[in-house]
Amino acid sequence: MTILDGLQMAIRSILANRTRSSLTILGLLIGVSSVIALIAVGQGAQEGVKARISNLGTDLLFIRPVASSSGNVRGSANSGATIFAEDAEAIRNASIPGILHVAPQLNFNAQAIAGENNQQVSIIGTDHEFLPARDLIIESGSFISEKDVKNSALSMVLGSDIASSLFLEDDPIGENVRLSFGGGRISFNFRVTGVLQEIGGESQQDNYVFIPVTTLQSRIRALRNTSGNTIINQITLRSSPGINQDSVSTLVSDFLTAHHNKQEPDFTITSQTQLLEAASKVNAVLTLLLGSVAGISLCVGAIGVMNIMLVSVTERTREIGIRRAVGATSPDIALQFLLEAVTLSVCGGLIGIIVGIAGAELVNEKEILGEVMTTVIQPWSIILAFFVAVIVGIVSGIYPAYRAALLDPIVALRNE
Amino acid sequence: MITLNSISKYYETEAGVVSALVNINLSIGESEFISIMGQSGSGKSTLMNIIGCVDRPSKGQYLIDNIDVGTLSDSNRSRLRGKLFGFVFQSYNLLPRLSAIEQVELPLLYQQIDNRKERAIQALISMGLSDRIHHTPNQLSGGEQQRVAIARSLVVNPKIILADEPTGALDTKTGLEVMRIFNELVQKQGISVIIITHESNIAEQTNRIIRISDGKIIEDTDKIVKVKA
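Pasting the structure below:
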């Protein structure tokens, strides 16, 4: 018997038992398609997070304070925080190679009043280098200038969302916005000098109001510590494109530790690369988890194939006897059952690929539970799922085929 | 052509060892038309299975054309069986979903013989089934099914046809027709046909009757003739 003859026979007996065969194929189909679709979902989530982080630009480093706990004495408010507005200035003046822009960042909340509109806003106190450091684009007017910083000017730049919510359709440039801090105890009138272009996406940056850090520094005494320095939340560094961020990070760390007169850094430097790596790890775990769940359903499908083949051997004992009587050898019988199992698995695998791809494409870019779902189909997941299905078919066909081949022809013929 | 020397067959059951065949000596040549008679449980089916290389004896030597069957592997026995023997059963033993031509092609397929279609059609025509070629068993009468089964046994040009109660499920007229076909095969093609039966009127149409009781040959008309001669 040739393989082709065997294949023909296998297809015939699969077709002869349509309902049972389709249910078996369905089991594998669900397994294969869920492997492909779920890995696509996991991969889509990964790409989504990467895109969000890359939105900020990949050449960024962030310096953030760590609370000091020296001597087990917790300092008064802000005493543990350890980066200052003048640190940004110092790093800038140190001309560390590989650093293009340095921008301080002081986060603050205030009430903004523009005409009849009154709302809570998030403020970032920074300087003129924030625009190039964060790769932001000005839509109209101008960003905070060096002069504004020097003069602690009462000027402000609006993110695109906040501009439209405060001024609706009107042009905000040159208009006044009253910012009141500390529950209305302190308030100043700021003049709008510029509006930023919309960034979009998941980023909150469109909702920020930007004012010179020096303005906050000089006008709100509560922000200064005993030595007259203003504690800030973060310093953003933009490194030269393509440069090794780890070595830049080391240079900055060494400089700032020395500048603070400390042995160990009292701050942390996080690079965008590190953030990406961390996010990738989380998502790899997610993908693995989804893949495992799908893998389990593939295994269940495989057990289905084996189950059906075993039932088939028992049911067709007489057929095996007849085939043996007309000259089939044990290997002939084994081959027939093995080919049936493999044909079922290949069918399940192929249809599963189609269903899996279709499923992944169906949910791609669709909003599900308020989140836009992105799926990225991985060619390796298709190949993996298909080969696993076929191997599973062979493995789950071997035992029933072996059982069929071992049947004594006499017993098989006597079976009624 | 085939020789059985002191063949015995035992089965081990829970109640102990049961002897199906005891010390059987038998030789069969070409163009013989033989019937094996005996009551159920006498061992006649076991004898036929051993002759047809489906079953192996527990003891004794079985020679086919001077080849000791006992020394062959399972696969080689399967090939020998396919090449030398054709089987016809009381219940026809056709595969339920295959058409007549596919049934007849089956032995050719396992023996990798070419011209399967032509040979199968030829065999079916010789059985007078030219208008039943694409019918499946449930579309055929009992007699027609048995003729398909005979065509299937004939298609490989066997030397011996083993038929287990071939007329058992057929009416008298159809049974006689089957016997006529067997007789013709013996006369014209030199094939030996061995029939298992418990009907004396069927056995009487054969040239040699072997009677079995409790696993032993109690009568072999061939020997009687020889003794008389």
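Line by line, the protein sequences give chains A and B. According to the numbering used here, the stretch in the first sequence is residues 952 to 1367, in order. According to the numbering used here, the stretch in the second sequence is residues 1065 to 1293, in order. All C-beta atoms in this analysis are idealised placements derived from N, C-alpha and C, irrespective of residue type, glycine included.
Open item on the list: I need the straight-line Cα distance from valine 1143/A to glycine 1125/A, nearest angstrom please.
Closed with: The count along the first sequence starts at 1 and reaches residue 1143/A at position 192. The count along the first sequence starts at 1 and reaches residue 1125/A at position 174. Each residue's Cα considered, the two are about 5 Å apart.
Task: C-alpha gap between serine 1032/B and glutamate 1248/B, whole angstroms - done: Since the displayed chain B opens at 1065 and closes at 1293, residue 1032/B lies outside it and no answer follows.
Task: Close beta carbons around valine 1264/A, own chain, < 6 Å, minus the five adjacent residues each side - done: Counting from one through the first sequence, the residue named residue 1264/A turns up at place 313. Taken in chain order, the residues that qualify are Pro1351, Arg1354 and Ala1355.
Task: Member of Ala1061/A, Thr1165/A, Ile1150/A and Ile1220/A whose CA lies at the smallest distance from the CA of glycine 1134/A - done: Your numbering for residue 1134/A matches position 183 in the first sequence. Looking at the Cα atoms, Ala1061/A is the closest of the given residues.
Task: Cβ neighbours of isoleucine 1225/B in the same chain (closer than 8 Å, five flanking residues each side left out) - done: Along the second sequence, read from residue 1 onward, the residue named residue 1225/B stands at position 161. Excluding positions up to five away in sequence, the list reads Phe1149, Gly1150, Phe1151, Val1152, Ile1214, Ser1217, Leu1218, Phe1246, Leu1249, Ile1255, Ser1256, Val1257 and Ile1258.
- [ ] Check each residue of the stretch 1338-1365 of chain A: if its Cβ is closer than 8 Å to any Cβ of chain B, include it; give the result in chain order.
- [x] Pro1360, Ile1361 and Leu1364
Open item on the list: Tell me which residues share the same chain as threonine 1221/A and place their Cβ nearer than 8 Å to its Cβ, disregarding the 5 neighbours each side in the sequence.
Closed with: As a working mapping, residue 1221/A is identified with position 270 in the first sequence. Answer for threonine 1221/A: Leu1012, Phe1013 and Arg1015, listed in chain order.
Open item on the list: Distance cutoff 7 Å, beta carbons only. Does leucine 1173/B sit that close to anything in chain A?
Closed with: Translated into positions along the second sequence, residue 1173/B becomes position 109. Judged by the 7 Å Cβ criterion, leucine 1173/B is in contact with chain A.
Task: Own chain partners of arginine 1275/A with C-beta closer than 6 Å, once the 5 adjacent residues on each side are dropped - done: If you number the first sequence from 1, residue 1275/A lands on position 324. The answer, listed in chain order, is Pro1360.
TODO: State the DSSP-derived secondary structure class of glutamate 1211/A, mapped to helix, strand or coil.
DONE: The sequence position of residue 1211/A within the first sequence is 260, counting from 1. Here residue 1211/A turns out to be histidine, not glutamate, going by the sequence shown. Histidine 1211/A falls in the coil class under three-state DSSP.
Open item on the list: Buried or exposed for serine 1190/A, going by 16 or more other Cβ atoms inside 10 Å?
Closed with: Here residue 1190/A refers to the residue found at position 239 of the first sequence. Classification for serine 1190/A: buried.
- [ ] Using alpha carbons as the reference points, say which of Ser985/A, Leu977/A and Ala961/A lies closest to alanine 1245/A.
- [x] Along the first sequence, read from residue 1 onward, the residue named residue 1245/A stands at position 294. Alanine 1245/A has its Cα closest to that of Ser985/A, out of Ser985/A, Leu977/A and Ala961/A.
TODO: Give a yes or no on contact between the stretch 1177-1191 of chain B and the stretch 1067-1074 of chain B, applying the rule of three or more CB pairs nearer than 8 Å.
DONE: no
Open item on the list: Across the stretch 1132-1139 of chain B and the stretch 1086-1105 of chain B, are there enough close Cβ pairs to call them in contact, namely three or more that are closer than 8 Å?
Closed with: no
Open item on the list: Please return the same chain residues whose Cβ sits closer than 8 Å to the Cβ of serine 1021/A, not counting the five positions on each side in sequence.
Closed with: Counting from one through the first sequence, the residue named residue 1021/A turns up at place 70. Low local confidence applies: a pLDDT of 49 at serine 1021/A is under 50, so the model's placement there is unreliable, and no value is given.
TODO: Report buried or exposed for phenylalanine 1338/A, applying the criterion of at least 16 other Cβ atoms within 10 angstroms of its Cβ.
DONE: Against the first sequence, residue 1338/A aligns to sequence position 387. Classification for phenylalanine 1338/A: exposed.
TODO: Out of Ser1347/A, Asn1184/A and Val1306/A, point me to the one whose CA is closest to valine 1251/A's CA.
DONE: The residue you call residue 1251/A lines up with position 300 of the first sequence. Minimum Cα distance to valine 1251/A is reached at Ser1347/A.
Task: DSSP three-state assignment for glycine 1151/A, whether helix, strand or coil - done: Start at 1 with the first residue of the first sequence, and residue 1151/A comes out as number 200. Here glycine 1151/A sits in coil by DSSP.
Task: Per DSSP, the bridge partner or partners of valine 1146/A - done: Translated into positions along the first sequence, residue 1146/A becomes position 195. According to DSSP, valine 1146/A bridges with Ser1091/A and Leu1109/A.
Task: Selected residue, minimal CA-CA separation from valine 1160/A, among Lys1101/A, Asp1197/A and Phe1094/A - done: The count along the first sequence starts at 1 and reaches residue 1160/A at position 209. Looking at the Cα atoms, Phe1094/A is the closest of the given residues.
Task: Simplified DSSP assignment, three categories, for isoleucine 1162/A - done: Taking the first sequence and counting its residues from 1, one reaches residue 1162/A at position 211. Note: isoleucine 1162/A maps to strand in three-state DSSP.
Open item on the list: Taking CB distances under 7 Å as the criterion, tell me whether glycine 1307/A reaches chain B.
Closed with: In the first sequence, residue 1307/A corresponds to position 356, counting from 1. Not closer than 7 Å to any Cβ of chain B, the Cβ of glycine 1307/A fails to qualify, so no.
TODO: Give the C-beta separation of serine 972/A and leucine 1249/A to the nearest angstrom, bearing in mind that I take them to be a contact with Cβ-Cβ under 8 Å.
DONE: Taking the first residue of the first sequence as position 1, residue 972/A is located at position 21. Taking the first residue of the first sequence as position 1, residue 1249/A is located at position 298. Not really, about 18 Å apart at Cβ, beyond 8 Å.
Task: One or two residues paired with asparagine 1069/B in a DSSP bridge - done: For the purposes of this step, residue 1069/B is identified with residue 5 of the second sequence, where counting begins at 1. Answer by DSSP bridge pairing, in chain order: Gln1125/B.
Task: Distance, alanine 1036/A Cα to valine 1053/A Cα - done: On the first sequence, position 102 is the one that residue 1053/A refers to. On the first sequence, position 85 is the one that residue 1036/A refers to. So the two alpha carbons sit approximately 11 Å from each other.
Task: Three-pair Cβ contact test at 8 Å for the stretch 1107-1123 of chain B versus the stretch 1258-1274 of chain B - done: yes
Open item on the list: Assuming aspartate 1228/B is part of the beta strand (DSSP E), what are its boundary residues?
Closed with: Your numbering for residue 1228/B matches position 164 in the second sequence. Its beta strand (DSSP E) spans residues 1224-1228.
Task: Helix, strand or coil at leucine 1239/A according to DSSP, with G and I counted as helix - done: Along the first sequence, one-based indexing puts residue 1239/A at 288. Note: leucine 1239/A maps to helix in three-state DSSP.
- [ ] Answer with yes or no whether the minimum CB distance from glycine 957/A to chain B is below 7 Å.
- [x] In the first sequence, counting from the first residue as 1, residue 957/A sits at position 6. False, the Cβ-Cβ gap to chain B never drops below 7 Å.
- [ ] Could you tell me if arginine 969/A is buried or exposed, where buried requires 16 or more neighbouring beta carbons within 10 angstroms of its beta carbon?
- [x] For this step, residue 969/A is matched to residue 18 along the first sequence. When all chains shown are included, arginine 969/A counts as exposed.
- [ ] Could you name the residues that DSSP lists as bridge partners for aspartate 1132/B?
- [x] Here residue 1132/B refers to the residue found at position 68 when the second sequence is read from its first residue. Beta-bridge pairing links aspartate 1132/B to Leu1127/B.
- [ ] Specify the secondary structure class of leucine 1234/B as computed by DSSP and reduced to three states.
- [x] Within the second sequence, residue 1234/B is the residue found at index 170, counting from 1. Three-state result, leucine 1234/B: coil.
Task: Where threonine 1325/A falls: helix, strand or coil (DSSP) - done: Taking the first residue of the first sequence as 1, we reach residue 1325/A at position 374. In this structure, threonine 1325/A counts as coil in the three-state DSSP scheme.
- [ ] Sort Ile1308/A, Thr1268/A and Ala1340/A by Cα distance to proline 1330/A and report the nearest one.
- [x] Against the first sequence, residue 1330/A aligns to sequence position 379. Closest by alpha carbon: Ile1308/A.
Task: Euclidean distance between Cα positions of alanine 991/A and glutamine 997/A - done: Along the first sequence, read from residue 1 onward, the residue named residue 991/A stands at position 40. Along the first sequence, read from residue 1 onward, the residue named residue 997/A stands at position 46. Spanning the two alpha carbons is a distance of roughly 10 Å.
TODO: For the alpha helix (DSSP H) containing methionine 1101/B, list its first residue and its last residue.
DONE: Position 37 of the second sequence, counted from the first residue, corresponds to residue 1101/B. Not the alpha helix (DSSP H): methionine 1101/B falls in the beta strand (DSSP E), residues 1097-1101.
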